[in-house]
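Visitor: Order-wise, the sequence lines are chains S, R, G and B. So the number in our numbering is just where the residue sits in the first sequence, counting from 1, plus 16. So the number in our numbering is just where the residue sits in the second sequence, counting from 1, plus 16. So the number in our numbering is just where the residue sits in the third sequence, counting from 1, plus 16. So the number in our numbering is just where the residue sits in the fourth sequence, counting from 1, plus 16.
There are 4 protein chains.
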Amino acid sequence: MRLSTGFVRASGYAHKVRRVLFAVTRGKVEPKEVVRAAGELNQRIFEKLRELGVEKSDVVRITVPFSIKEGTIEWDYDGLEIEVYRKSEEENLARAMEEVEERERELEERIKELEELVLNLRETSEQMLEKLEELKQEHTSLRLRAEE
Amino acid sequence: MRLSTGFVRASGYAHKVRRVLFAVTRGKVEPKEVVRAAGELNQRIFEKLRELGVEKSDVVRITVPFSIKEGTIEWDYDGLEIEVYRKSEEENLARAMEEVEERERELEERIKELEELVLNLRETSEQMLEKLEELKQEHTSLRLRAEE
Amino acid sequence: MRLSTGFVRASGYAHKVRRVLFAVTRGKVEPKEVVRAAGELNQRIFEKLRELGVEKSDVVRITVPFSIKEGTIEWDYDGLEIEVYRKSEEENLARAMEEVEERERELEERIKELEELVLNLRETSEQMLEKLEELKQEHTSLRLRAEE
Amino acid sequence: MRLSTGFVRASGYAHKVRRVLFAVTRGKVEPKEVVRAAGELNQRIFEKLRELGVEKSDVVRITVPFSIKEGTIEWDYDGLEIEVYRKSEEENLARAMEEVEERERELEERIKELEELVLNLRETSEQMLEKLEELKQEHTSLRLRAEE
Numbered sequence: 017m018r019l020s021t022g023f024v025r026a027s028g029y030a031h032k033v034r035r036v037l038f039a040v041t042r043g044k045v046e047p048k049e050v051v052r053a054a055g056e057l058n059q060r061i062f063e064k065l066r067e068l069g070v071e072k073s074d075v076v077r078i079t080v081p082f083s084i085k086e087g088t089i090e091w092d093y094d095g096l097e098i099e100v101y102r103k104s105e106e107e108n109l110a111r112a113m114e115e116v117e118e119r120e121r122e123l124e125e126r127i128k129e130l131e132e133l134v135l136n137l138r139e140t141s142e143q144m145l146e147k148l149e150e151l152k153q154e155h156t157s158l159r160l161r162a163e164e
Numbered sequence: 017m018r019l020s021t022g023f024v025r026a027s028g029y030a031h032k033v034r035r036v037l038f039a040v041t042r043g044k045v046e047p048k049e050v051v052r053a054a055g056e057l058n059q060r061i062f063e064k065l066r067e068l069g070v071e072k073s074d075v076v077r078i079t080v081p082f083s084i085k086e087g088t089i090e091w092d093y094d095g096l097e098i099e100v101y102r103k104s105e106e107e108n109l110a111r112a113m114e115e116v117e118e119r120e121r122e123l124e125e126r127i128k129e130l131e132e133l134v135l136n137l138r139e140t141s142e143q144m145l146e147k148l149e150e151l152k153q154e155h156t157s158l159r160l161r162a163e164e
Numbered sequence: 017m018r019l020s021t022g023f024v025r026a027s028g029y030a031h032k033v034r035r036v037l038f039a040v041t042r043g044k045v046e047p048k049e050v051v052r053a054a055g056e057l058n059q060r061i062f063e064k065l066r067e068l069g070v071e072k073s074d075v076v077r078i079t080v081p082f083s084i085k086e087g088t089i090e091w092d093y094d095g096l097e098i099e100v101y102r103k104s105e106e107e108n109l110a111r112a113m114e115e116v117e118e119r120e121r122e123l124e125e126r127i128k129e130l131e132e133l134v135l136n137l138r139e140t141s142e143q144m145l146e147k148l149e150e151l152k153q154e155h156t157s158l159r160l161r162a163e164e
Numbered sequence: 017m018r019l020s021t022g023f024v025r026a027s028g029y030a031h032k033v034r035r036v037l038f039a040v041t042r043g044k045v046e047p048k049e050v051v052r053a054a055g056e057l058n059q060r061i062f063e064k065l066r067e068l069g070v071e072k073s074d075v076v077r078i079t080v081p082f083s084i085k086e087g088t089i090e091w092d093y094d095g096l097e098i099e100v101y102r103k104s105e106e107e108n109l110a111r112a113m114e115e116v117e118e119r120e121r122e123l124e125e126r127i128k129e130l131e132e133l134v135l136n137l138r139e140t141s142e143q144m145l146e147k148l149e150e151l152k153q154e155h156t157s158l159r160l161r162a163e164e
């Protein structure tokens, strides 16, 4: 298998690696392992980018082969490729990727708000089950949780 | 402390004991212990009712002292009192208690329907959290459950 | 058709009339009409009970025939029957019905608490739809409510 | 005020115009008007793009001034500016924008799934209110909707 970040602003490579890795390994690997493997790869990429003198506002494209062995992701670092597009040479690309990053931050805000509501919802549904159980305990002969 | 069932149709004494016990021990005893203690007491009452030749359609009123020791309910069986109102003598009372029993069955039906909806709700909220997590994994850099 | 309250404490006859009327006309008459018709009948019963010198703690049993014409409940007042069981004569019945009334008040408390949670839930679900719509508006090309 | 699409693949300019317009007019204009105004502007842009011989895979950047008068968006078409970046000249930019478009489609899929769950949730909460109302009608003297 192969992870490919596509074009991404250097400042955001680590998040992009993780997102893409979640997408390509969905259903094959545990989320915790995806987080771990992304962290490991990102450390390696970080060093390479420093060696290459890449700036945050440059654009990069990273590909790396990997395999999954017993639920664990193993990177083939020999196959790691990093293309660099300097802002000074590809200014429009750099600006476009900056816009993409900005849009993603806005999306995150919306999703965070939505998440809060979903957590509210879960709490409300737990409280309902609790209230209903009390109602059953004191006013019915229905089967209770304590009898399960 | 003292459990008192109030008037109840003999057919429904066991449920009534449990309901009242839940109400008077709320917050002091675990539900499982309420279920256990009610079961124990009900067995004893059952034998007494048989000895007394009580019919299902008679009405009874049961009181019994108890104490709570380290979360356990201990019945004081010496203080157990059972009043019996024979249907042949208290016909109106017997019929009234029969009606009450019937109403309770209808209430139970409604509550069962409601419970199904609350269980639905909980499942939907779990699915939402799941979907939202996937959305966060693949499209954001927000903190994931796998990072907690 | 026929409404029959069963045994009920005189203090609670009006509520009992309404509850039973809801049950027997379910699906045939609008809730508003049930409320209206119950109110009308209860006014009539109220006068009769006064004439009969019924006390709050006495027990009554009321039956009355009715018909439904074009969604309207018409009471046949000529067929109205009120049986009265004086507390002084039927003391156990009176005390039993008092207990029933007390249990119903406790049930109401539980149901009110549950209702608050359901109203919470509805509000949360409306807020979610709102947030999701904003997310769709600003981050997708999915069909919007404004396009319906 | 000023609408600016940022860099966008020509194939997706219409959606981008609408999304950005929603974001910049949030709280000032009704959603229906945003949809209408976006549609009007997009028609004009469509003609311009045809005149300019723009291909779907080219990248464009559109800015246009507008004002809001009594809840209506008025475009200042004289100020409409369209920058075109041909794929043949800015290949990396064109490919990057193609990737962005692809990611957005995936995001839409996730959001559609989430929306279905939220609609489920709303229905469940309506059903609960209905069931609770029936329970109140037949088993309590609590205030009903029909009395509001």
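Note that the Cβ used here is the ideal one computed from N, Cα and C, for glycine as well.
So, helix, strand or coil for residue 95(B), using DSSP?
Guide: In the fourth sequence, residue 95(B) corresponds to position 79, counting from 1. Here residue 95(B) sits in helix by DSSP.
Visitor: Can you give me the start and stop residues for the beta strand (DSSP E) that residue 156(R) sits inside?
Guide: Position 140 of the second sequence, counted from the first residue, corresponds to residue 156(R). Per DSSP, residue 156(R) belongs to no beta strand (DSSP E) and is neither H nor E.
Visitor: I'd like to know whether the C-beta atoms of residue 211(R) and residue 130(S) end up nearer to each other than 7 Å.
Guide: Nothing about residue 211(R) can be reported from this structure: the residues present for chain R run from 17 to 164 only.
Visitor: Taking CB distances under 7 Å as the criterion, tell me whether residue 23(S) reaches chain B.
Guide: By 1-based counting over the first sequence, the position of residue 23(S) is 7. Cβ-Cβ to chain B under 7 Å: yes for residue 23(S).
Visitor: I'd like to confirm the pairing. Which residues does DSSP put opposite residue 90(G) in its beta bridges?
Guide: Position 74 of the third sequence, counted from the start, is the residue given in the question as residue 90(G). Answer is 83(G), bridged to residue 90(G).
Visitor: So, do the region 94–103 of chain G and the region 34–47 of chain G have three or more beta carbon pairs nearer to each other than 8 Å?
Guide: Put simply, the region 94–103 of chain G does not touch the region 34–47 of chain G. Fewer than three CB pairs are less than 8 Å apart.
Visitor: Short of 8 Å Cβ to Cβ, which residues in the region 95–114 of chain R face chain G?
Guide: 101, 106, 108, 109, 111, 112 and 113
Visitor: Measure how close the beta-carbons of residue 24(B) and residue 75(B) come, nearest whole angstrom, since I'm counting them as under 8 Å.
Guide: In the fourth sequence, the residue the question calls residue 24(B) occupies position 8. In the fourth sequence, the residue the question calls residue 75(B) occupies position 59. Right, their Cβ atoms sit about 7 Å apart.
Visitor: Taking only beta-carbon atoms, is residue 154(G) less than 7 Å away from chain B?
Guide: Translated into positions along the third sequence, residue 154(G) becomes position 138. Judged by the 7 Å Cβ criterion, residue 154(G) is in contact with chain B.
Visitor: Which residue marks the beginning of the alpha helix (DSSP H) containing residue 55(R), and which one marks its end?
Guide: Along the second sequence, read from residue 1 onward, the residue named residue 55(R) stands at position 39. From DSSP, the alpha helix (DSSP H) with residue 55(R) extends over 47–68.
Visitor: Where does residue 20(G) fall in DSSP's three states?
Guide: Counted from its first residue, the third sequence places residue 20(G) at position 4. Note: residue 20(G) maps to strand in three-state DSSP.
Visitor: Just verifying my parser: in three-state terms, what is the DSSP assignment at residue 77(S)?
Guide: The sequence position of residue 77(S) within the first sequence is 61, counting from 1. Strand.
Visitor: Leaving out the 5 sequence neighbours to the left and right, which residues in its chain are closer than 8 Å to residue 56(B) when beta-carbon positions are compared?
Guide: Counted from its first residue, the fourth sequence places residue 56(B) at position 40. Excluding positions up to five away in sequence, the list reads 91.
Visitor: Does residue 132(B) have its Cβ less than 7 Å from a Cβ in chain R?
Guide: Residue mapping note: residue 132(B) aligns to position 116 of the fourth sequence, counting from 1. No - not a single Cβ of chain R is within 7 Å of the one on residue 132(B).
Visitor: With H, G and I counted as helix, E and B as strand and the rest as coil, what does DSSP make of residue 42(R)?
Guide: One-based indexing of the second sequence puts residue 42(R) at position 26. Three-state result, residue 42(R): coil.
Visitor: So within the region 100–125 of chain G, which uninterrupted beta strand (DSSP E) runs reach at least 3 residues, ignoring any that extend past its ends?
Guide: none
Visitor: Which whole-angstrom value is the C-beta distance of residue 89(S) and residue 53(S), which I expect to be below 8 Å?
Guide: For the purposes of this step, residue 89(S) is taken as residue 73 along the first sequence, with counting starting at 1. For the purposes of this step, residue 53(S) is taken as residue 37 along the first sequence, with counting starting at 1. Contact holds; Cβ gap of about 4 Å.
Visitor: Are the CB atoms of residue 134(G) and residue 151(B) nearer to each other than 7 Å?
Guide: By one-based count along the third sequence, residue 134(G) stands at place 118. By one-based count along the fourth sequence, residue 151(B) stands at place 135. In this structure, residue 151(B) does not lie closer than 7 Å to residue 134(G) by Cβ.
Visitor: May I have the straight-line CA-CA distance separating residue 120(B) from residue 27(B), to the nearest angstrom?
Guide: Taking the first residue of the fourth sequence as position 1, residue 120(B) is located at position 104. Taking the first residue of the fourth sequence as position 1, residue 27(B) is located at position 11. Approximately 13 Å between the Cα atoms of the pair.
Visitor: Check whether chain B comes within 7 Å of residue 129(R), counting only Cβ atoms and requiring the distance to be less than that.
Guide: Residue 129(R) sits at position 113 when you count from the first residue of the second sequence. So, interface residue.
Visitor: Just list the residues that DSSP pairs residue 25(R) with in beta bridges.
Guide: Your numbering for residue 25(R) matches position 9 in the second sequence. Answer is 75(R).
Visitor: At a Cβ threshold of 7 Å, is residue 76(S) touching chain B?
Guide: For the purposes of this step, residue 76(S) is identified with residue 60 of the first sequence, where counting begins at 1. Judged by the 7 Å Cβ criterion, residue 76(S) is not in contact with chain B.
Visitor: So is residue 123(B) in contact with chain R if we call contact Cβ pairs under 7 Å?
Guide: On the fourth sequence, position 107 is the one that residue 123(B) refers to. Judged by the 7 Å Cβ criterion, residue 123(B) is in contact with chain R.
Visitor: With 16 other CB atoms within 10 Å as the buried threshold, where does residue 153(R) fall?
Guide: Sequence index remark: in the second sequence, residue 153(R) carries index 137 (1-based). Counting Cβ neighbours within 10 Å, residue 153(R) comes out buried, since at least 16 surround it.
Visitor: Does chain S have any CB closer than 7 Å to the CB of residue 37(G)?
Guide: Against the third sequence, residue 37(G) aligns to sequence position 21. Cβ-Cβ to chain S under 7 Å: no for residue 37(G).
Visitor: What do you reckon, are the CB atoms on residue 51(S) and residue 162(R) nearer than 7 Å?
Guide: The sequence position of residue 51(S) within the first sequence is 35, counting from 1. The sequence position of residue 162(R) within the second sequence is 146, counting from 1. The answer is yes: Cβ separation under 7 Å.
Visitor: Residue 21(B) and residue 84(B) - do their beta-carbons sit closer together than 7 Å?
Guide: The residue given as residue 84(B) occupies position 68 in the fourth sequence. The residue given as residue 21(B) occupies position 5 in the fourth sequence. No, the pair does not count as a contact, with Cβ atoms beyond the cut-off.
Visitor: Taking the alpha-carbon positions, what's the residue 139(G) to residue 46(B) distance?
Guide: Position 123 of the third sequence, counted from the start, is the residue given in the question as residue 139(G). Position 30 of the fourth sequence, counted from the start, is the residue given in the question as residue 46(B). Separation of residue 139(G) and residue 46(B) (C-alpha to C-alpha, rounded to the nearest whole angstrom) is 22 Å.
Visitor: Does the beta-carbon distance from residue 144(S) to residue 82(S) come in below 7 Å?
Guide: On the first sequence, residue 144(S) is found 128 positions in, with the first residue counted as 1. On the first sequence, residue 82(S) is found 66 positions in, with the first residue counted as 1. No.
Visitor: Which value, in whole angstroms, describes the spacing of the CA atoms of residue 137(S) and residue 127(S)?
Guide: Against the first sequence, residue 137(S) aligns to sequence position 121. Against the first sequence, residue 127(S) aligns to sequence position 111. If you take the alpha carbons of residue 137(S) and residue 127(S), they lie about 15 Å apart.
Visitor: Could you give the DSSP three-state label for residue 164(B): helix, strand or coil?
Guide: Looking up residue 164(B) in the fourth sequence gives position 148. Note: residue 164(B) maps to coil in three-state DSSP.
Visitor: By a C-beta neighbour count over all protein chains shown, 10 Å radius and 16 as the cutoff for buried, is residue 141(G) buried or exposed?
Guide: In the third sequence, the residue the question calls residue 141(G) occupies position 125. With 16 or more other Cβ atoms within 10 Å, it is buried.
Visitor: Our contact map puts residue 116(G) next to residue 116(R) with C-beta atoms below 8 Å; I'd like the distance itself, whole angstroms only.
Guide: For the purposes of this step, residue 116(G) is taken as residue 100 along the third sequence, with counting starting at 1. For the purposes of this step, residue 116(R) is taken as residue 100 along the second sequence, with counting starting at 1. Right, the Cβ-Cβ distance comes to about 6 Å (below 8 Å), so this counts as a contact.
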